[in-house]
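Quick note on our numbering: the sequence shown kicks off at 964 and runs consecutively.
Built from N, CA and C at the ideal position, the CB exists for glycine as well.
A quick write-up on the structure given underneath.
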Amino acid sequence: MTLPLPCLWYRLRSFLYTRYWEGSSMSLRYIIDGCNLVHHRRCAPSLSKKHGDSRISLLEFIRSRRLCGSIKNRVTVVFDGFSSADDFKTVSSRLGIEVIFSGNKSADSVIKQLLEKAVHPSEVIVVSDDREVGFFARQSRARALGVDAFIVSHQEARRTLQAAEEDTESKKCELSRDEEERINRELRERWLKD
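Listed below in structure tokens is the structure:
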């Protein structure tokens, strides 16, 4: 049995759309175990208590420090338990961070479900200190980072970028007076021939 040409075209188009365009935005998706990050020794002191909830401060910390790189990268933070306030909806939509509360499940099981549903797991980075979650992420072909590696890699990247910018700034002004005169003389010889 052969299908009519329009039907084949429709099936091919829908297959290509779901396979290549839907969900494949060439950006990364970070899935972060929020409780691991909130209670981490490097992160906890930096979280301000102005909201009264360190989880909201964590969301602002992630975005303000650009821990996930480009703003185009999708960020999902998974917390244990239930949402205690409507503030999460407004803050998460303002910052562009998806927040998921695990409810009666553990945050680890929700992270695993998100990995199983991922269309392109190679574009997913899981941030968690739980070994089981990291192992599951690697088995799913996603990248796994511990909280230390996540924070340190961001800080090192920022330092490297700042050092490169300072290096280029200092190199811009390194011509000596003799070099300037030599270059000017050479330019006059080439361009001002009478």
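Within the continuous alpha helix (DSSP H) that includes residue 1077, where are the two ends?
Walking along the sequence shown from the start, residue 1077 turns up at place 114. Note, residue 1077: alpha helix (DSSP H), 1070 to 1080.
Just to confirm, is the Cβ distance from residue 1072 to residue 1043 under 7 Å?
Working through the sequence shown from its first residue, we reach residue 1072 at position 109. Working through the sequence shown from its first residue, we reach residue 1043 at position 80. It is not a contact, given that the beta carbons lie outside the stated cut-off.
DSSP three-state assignment for residue 1005, whether helix, strand or coil:
The sequence position of residue 1005 within the sequence shown is 42, counting from 1. Taken through DSSP and simplified to helix, strand or coil, residue 1005 comes out as coil.
In angstroms with no decimal places, state the Cα-to-Cα distance between residue 1068 and residue 1083.
As a working note, residue 1068 is residue 105 in the sequence shown. As a working note, residue 1083 is residue 120 in the sequence shown. Take the alpha-carbon of residue 1068 and the one of residue 1083: they are about 24 Å apart.
With burial defined as no fewer than 16 other Cβ atoms inside 10 Å of the residue's Cβ, what is the status of residue 1091: buried or exposed?
Counting from one through the sequence shown, the residue named residue 1091 turns up at place 128. The Cβ neighbour count for residue 1091, taken over all protein chains shown within 10 Å, is at least 16; the residue is labelled buried.
For residue 1056 versus residue 1062, is the C-beta distance shorter than 7 Å?
Residue 1056 sits at position 93 when you count from the first residue of the sequence shown. Residue 1062 sits at position 99 when you count from the first residue of the sequence shown. Not closer than 7 Å, so no.
Going by the CB atoms, is the gap between residue 1060 and residue 1022 shorter than 7 Å?
The residue you call residue 1022 lines up with position 59 of the sequence shown. The residue you call residue 1060 lines up with position 97 of the sequence shown. Their beta carbons are under 7 Å apart, which means residue 1022 touches residue 1060 by this criterion.
With DSSP collapsed to three states, give me the class of residue 1063.
Within the sequence shown, the letter at position 100 stands for residue 1063. Residue 1063 sits in a strand when the DSSP states are folded into three classes.
Just checking my contact of residue 1025 with residue 1089 at CB under 8 Å: how many whole Å lie between their CB atoms?
For the purposes of this step, residue 1025 is taken as the residue at position 62 of the sequence shown. For the purposes of this step, residue 1089 is taken as the residue at position 126 of the sequence shown. So it is not a contact: roughly 15 Å between Cβ atoms.
For residue 1041 and residue 998, the rounded distance between their alpha carbons:
As a position in the sequence shown, residue 998 is number 35, starting the count at 1. As a position in the sequence shown, residue 1041 is number 78, starting the count at 1. Distance between the alpha carbons of residue 998 and residue 1041: 8 Å.
CA-to-CA distance, residue 1079 to residue 1086, given in whole angstroms:
In the sequence shown, residue 1086 corresponds to position 123, counting from 1. In the sequence shown, residue 1079 corresponds to position 116, counting from 1. C-alpha of residue 1086 to C-alpha of residue 1079: approximately 13 Å in a straight line.
Going by beta-carbon coordinates alone, are residue 1103 and residue 1036 separated by less than 7 Å?
Here residue 1103 refers to the residue found at position 140 when the sequence shown is read from its first residue. Here residue 1036 refers to the residue found at position 73 when the sequence shown is read from its first residue. No, these two residues do not count as a Cβ contact at 7 Å.
Taking only the alpha-carbon atoms, compute the straight-line gap between residue 1018 and residue 1045 and give it to the nearest angstrom.
If you number the sequence shown from 1, residue 1018 lands on position 55. If you number the sequence shown from 1, residue 1045 lands on position 82. The straight-line gap from Cα to Cα measures roughly 12 Å.
Hey, out of 1112, 1111 and 1075, whose CA is closest to residue 1105's CA?
Position 142 of the sequence shown, counted from the first residue, corresponds to residue 1105. Closest in C-alpha terms to residue 1105, from the list 1112, 1111 and 1075, comes 1075.
Can you give me the start and stop residues for the alpha helix (DSSP H) that residue 1138 sits inside?
As a first step, residue 1138 must be located in the sequence shown, where it is residue number 175. For residue 1138, there is no enclosing alpha helix (DSSP H), as DSSP gives it neither H nor E.
Residue 1044 by DSSP, collapsed to three states: which one?
By 1-based counting over the sequence shown, the position of residue 1044 is 81. Taken through DSSP and simplified to helix, strand or coil, residue 1044 comes out as strand.
Does the Cβ-Cβ distance between residue 1112 and residue 1097 come in under 7 Å?
Within the sequence shown, the letter at position 149 stands for residue 1112. Within the sequence shown, the letter at position 134 stands for residue 1097. No, these two residues do not count as a Cβ contact at 7 Å.
Pull up the CB-CB distance for residue 1114 and residue 1005, whole angstroms please, since I reckon it's below 8 Å.
Taking the first residue of the sequence shown as position 1, residue 1114 is located at position 151. Taking the first residue of the sequence shown as position 1, residue 1005 is located at position 42. Residue 1114 to residue 1005, Cβ: 5 Å. Contact.
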